[in-house]
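Student: Input: one structure, supplied below.
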Amino acid sequence: MSVTVRLGRHEELETLIELQSAAILQSRNPAYDAKQRQLVAQHQAAVRRSSLDEIILVAEHNGQLVGFSSLLNHRPRIAALYVHPQWWHQKIGSTLLKAVEDLARRRHCKQVDVISSLAAATFYQQWGYCKLRNQSISTRSRQRIPCELLRKNLIPMTRLATMQCRAGAIAAWLRFTTAGTIVAWIILMAFLILLLG
12 MSVTVRLGRH EELETLIELQ SAAILQSRNP AYDAKQRQLV AQHQAAVRRS SLDEIILVAE
72 HNGQLVGFSS LLNHRPRIAA LYVHPQWWHQ KIGSTLLKAV EDLARRRHCK QVDVISSLAA
132 ATFYQQWGYC KLRNQSISTR SRQRIPCELL RKNLIPMTRL ATMQCRAGAI AAWLRFTTAG
192 TIVAWIILMA FLILLLG
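In the numbering used here, the protein residues as written are 12 to 208.
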């Protein structure tokens, strides 16, 4: 399936918010319950309406908007990436991610961050993003919704940076294991021996 990616237009904002809400509300990932999805949809709609600081890229198929992504102007961060549920599993998300990363490169960004839903974190990791830490967003009703902060280097990484990224991912995983602290120290020592030895 072919899609065209172009700059979004201001008059498309409400259509994009509807698309975004459909993607959030129809997600069936068990990471969030229905109430959390509703709160996130409301929060993200308010963010889109109030944001004057993002560049929006839209994906079209035969003149129909099927998804969008956005990059913040003031920092190298992906602010949104949504595909309408009717168009899921068609590689549109991957196309939009590549387009927004290319935009960041053209703006001379060396890396790009994204605050990802727990449901989408695996998607980003498949494209080379490394988890930095757990994060949350606070909705207008003061509910905290768990997320993850991820980062990708847009320029080739050195061997050391690659190892640090992998070590960070291992460390994040170990925090959730029962014997994680002991195992973390053993792995950290082995990593340091490899690095220094």
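By construction, the Cβ of each residue, glycine as well, lies at the ideal position given by its N, Cα and C atoms. Quantities reported herein were computed from a predicted structural model and do not represent experimental measurements.
(1) Buried or exposed: which applies to Ile204, given that a residue is buried once 16 or more other Cβ atoms fall within 10 Å of its Cβ?
(2) I'd like the list of long-range same chain contacts for Gly77, defined as Cβ closer than 7 Å, with 5 residues on each side in sequence excluded.
(3) Using the rule of at least 16 other Cβ atoms within 10 Å of the residue's Cβ for burial, across every protein chain shown, is Gln55 buried or exposed?
(4) What first and last residue would you give for the beta strand (DSSP E) that runs through Thr15?
(5) Under a three-way DSSP split, which group does Asp113 fall into?
(6) Taking all protein chains shown into account, decide if Gln31 is buried (16 or more other Cβ within 10 angstroms of its Cβ) or exposed.
(7) Can you give me the start and stop residues for the beta strand (DSSP E) that Ser242 sits inside?
(8) Assuming contact is defined by CB atoms lying nearer than 8 Å, are Glu112 and Leu165 in contact in what I supplied?
(9) In whole angstroms, what separates the C-alpha of Arg116 from that of Lys109?
(10) Among the residues of its own chain, which have a CB less than 6 Å from the CB of Tyr140, if the five just before and after it don't count?
(11) Just reading off the alpha helix (DSSP H) that Ser61 is part of, what are its end residues?
(12) Quick one: what does DSSP say His21 is sitting in, helix, strand or coil?
(13) Over what stretch of residues does the beta strand (DSSP E) that includes Ala70 continue unbroken?
(14) Rounding to the nearest angstrom, what Cα-Cα distance links Tyr135 and Gln122 in this structure?
(15) Would Lys46 be called buried (16 or more neighbouring beta carbons within 10 Å of its own) or exposed?
Tutor: Once the coordinates are examined:
(1) exposed
(2) It is Val, not Gly, that sits at residue 77 in the sequence shown. Taken in chain order, the residues that qualify are Val14, Ala70, Glu71, Val94, His95, Trp98 and Ile103.
(3) buried
(4) Thr15 to Leu18
(5) helix
(6) buried
(7) The chain is shown only over 12 to 208; residue 242 falls outside these bounds and no answer can be derived.
(8) yes
(9) 10 Å
(10) Leu161 and Lys163
(11) Ala45 to Ser61
(12) helix
(13) Glu65 to His72
(14) 14 Å
(15) exposed
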